[in-house]
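One structure is given here, and the rest of the page talks about it.
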Amino acid sequence: MSQLYKSTRGKELNISPSLAILKGLADDGGLFVPNEIPKFDKSLNNMINMTYHELAYEVMKLYFTDFSQEELTNCIQKAYDNKFETSEIAPLIKNVDRYYLELFHGKTIAFKDVALSILPHLLTTAAKKNGIDKEIVILTATSGDTGKAALSGFANVKGTKIIVFYPKNGVSPIQEHQMITQKGDNTFVIGINGNFDDAQNGVKNILNNQILKEDMLKAGYQFSSANSINIGRLVPQIVYYVYGYIQLVKSGEIDLLEPINVTVPTGNFGNILAAYYAKQMGLPLNKLICASNENKVLFDFFKTGIYNKNRPFILTSSPSMDILISSNLERLIYRLTEDDSMKCGLFMNELSKKGCYEIDEQMRNKLNDFYGGFATQEETNSTIKDVFVKRNYLLDPHTAVAEAVYNKYVNETKDTTKTIIISTASPYKFTRSVMTSINNSYDKQSDFELVDEMSELSETKIPQAIEEIKNANIIHNKVCKIQEMTQSIKEILQL
Ligand SMILES: *Cc1c(COP(=O)(O)O)cnc(C)c1O
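Take the sequence shown: its position 160, counting from 1, is numbered 163 in the working numbering, and each next residue is one higher.
Here you go:
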């Protein structure tokens, strides 16, 4: 069956999958959603012996219906190769009575690798299908994690260039080092003298600069975006929920068709939305436990039905979840309105005008799939320590938020349903906050010294991603003022 996409705000209809990937965001500001969320066309029993790659094909073929089997298989093979440290791509780890789906064995040791490894291939294939002969220029502003994952995904992908702007003094030393040592002739990294908001606004202005766009087209270039609302990032994330479920069945932890819960450390609501889609497709998922840090907009939303971003922005040790506007929530709101794009558009309008909106009773009743929880900074730190001392397993701060919220959920509900905790980053990416959670005195050492300490203490191997940057040459050293961002792009593209 062929699948078409429409905007959650209703002004764009019947968009092909490949065009939806190319556009990223709809012209009316909405997000692309499939006309219908498909059901699996094979039983779980028939998928039980499939590899990650085969499952990826089973899921993606239902969404990207204008890609041929050969095209999709090709994208999957290129994405999930030895860039990942484990051939399973997403290993499920049993630790005493807990299950962790480790999504951090890719190039940049965070879960965004899973989707950003395949997006470049989906995007270039989509460009070919739509007769686009221009070179695609990906423009990204990053607060740390997305930039490196996008750089690494697009490096040396033919027909693309990637330009990343980051706040020169606003990322961790390891994050900066990861970016400025990025190899690949088509990669460009620029620090700006400003904060993340400046970088993000600068990129938005550039994307809306009509004169620049025309100059680019003449020179054979076209902009696109790799950010997390692209449907080409959401769909690949559905795969690991199916994979995780099947691993539980295969290892005899659950019976086939037995429902499980998942706990997801959440920021932009992309990861947990993929779980919601998986459930709608027929995967036996019970509760979707949404874990927030102190920026607990989502916890409040699930509790009260009011989404309110008017509050202080809190910096925590889980920076990838420091977010007040969870963009992907729009796709859930759309479902709660029973696909009423008018109504969904009104909520989003209120959000941009007043910073808040309230859903009605009828919509709230459909939120039963979810449980919202949050963890404070102190709870996050003590969870890291507890789990390490009691079970000898090191959690990164994002996963620790999930663990802490899951503990609260069990205490509150006494629910004994088996639960997968989605593990989104390697502790090696957040060495300082992890080590100081275990013992304050580690704060005196440098970031790379702490890497060695962590390896010794936890008896785990330092990931390749960290080894690589330790002695890597700095390739990108350009820094510019906020007002010079457009000029830097022109220099790169020789416009
Ligand atoms: C991006 C990110 C998250 C949040 O995922 P969303 O899809 O934005 O909800 C959680 N943990 C880590 C490590 C991340 O990089």
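Just so it is clear, CB atoms sit at the ideal spot from N, CA and C, and this is done for glycine as well.
- In the three-state DSSP reduction, Ser71 falls in the coil class, being neither helix nor strand.
- With the rule of 3 Cβ pairs closer than 8 Å, the stretch 267-282 counts as touching the stretch 325-334.
- With a threshold of 7 Å, the Cβ atom of Asp148 counts as near ligand 1, since some heavy atom of the ligand is closer than that.
- In this structure, Ile441 lies away from Arg101, with their beta-carbon atoms at least 8 Å apart.
- The beta carbon of Ala468 sits no closer than 7 Å to any heavy atom of ligand 1.
- Across the structure, Pro123 and Lys26 are spaced so that their CA atoms are roughly 13 Å apart.
- Taking C-beta separations shorter than 8 Å and ignoring five residues to either side along the sequence, the partners of Arg394 in its chain run Asn98, Val99, Arg101, following chain order.
- Per the coordinates, the alpha-carbon of Leu58 lies some 25 Å from the alpha-carbon of Lys131.
- In the three-state DSSP reduction, Ser329 falls in the coil class, being neither helix nor strand.
- Counting C-beta atoms within 10 angstroms of its own C-beta, Met182 has 16 or more neighbours from the protein chains shown and is therefore classed as buried.
- Restricting attention to alpha helix (DSSP H) runs no shorter than 4 residues, the stretch 60-139 encloses them at 72-82, 115-119, 122-132, ordered along the chain.
- Closest in C-alpha terms to Ile139, from the list Asp148, Leu119, Ile165, comes Ile165.
- Per the coordinates, the alpha-carbon of Ile18 lies some 19 Å from the alpha-carbon of Gln225.
- For Thr190, no alpha helix (DSSP H) encloses it; the enclosing beta strand (DSSP E) starts and ends at 190-195.
- C-alpha of Lys216 to C-alpha of Val167: approximately 18 Å in a straight line.
- With 16 or more other CB atoms across the displayed protein chains lying within 10 angstroms of its CB, Lys299 is buried.
- Less than 8 Å separates the beta-carbon of Leu104 from that of Gly247.
- By the neighbour-count criterion, in which 16 or more other beta carbons inside 10 Å mark a residue as buried, Asp116 falls on the buried side.
- Partner residues in the beta bridge of Tyr224, as assigned by DSSP, are Glu138.
- Within the chosen limit of 7 Å, ligand 1 does not reach the beta carbon of Ser155 with any heavy atom.
- The alpha carbon of Glu91 has as its nearest neighbour, out of His108, Asn264, Asp303, the alpha carbon of His108.
- For the stretch 423-477, the continuous alpha helix (DSSP H) assignments of 4+ residues that do not extend past its boundaries occur at 434-441, 450-461, 467-473, in sequence order.
- Approximately 7 Å separates the beta-carbon atoms of Thr128 and Phe70; this is inside 8 Å, confirming the contact.
- In this structure, ligand 1 has no non-hydrogen atom nearer than 7 Å to the beta-carbon of His108.
- Residue burial annotation: Val238 is buried, with at least 16 other C-beta atoms found within 10 angstroms of its C-beta.
- Within the stretch 4-40, the complete alpha helix (DSSP H) segments at least 4 residues long are 20-26, listed from N- to C-terminus.
- Partner residues in the beta bridge of Phe373, as assigned by DSSP, are Leu291.
- Taking one beta carbon from each stretch, the stretch 284-302 and the stretch 373-383 have 3 or more pairs nearer than 8 Å; the two touch.
- Thr163 is bridged by DSSP to Ile139.
- Using a 10 angstroms sphere on the CB of Ser5, the tally of other CB atoms stays under 16, which defines it as exposed.
- Each residue's CA atom was taken as its position, placing His401 and Thr434 some 12 Å apart.
- Restricting attention to Leu288, Val160, Asn38, Pro20, the CA atom closest to the CA of Asp343 is found in Asn38.
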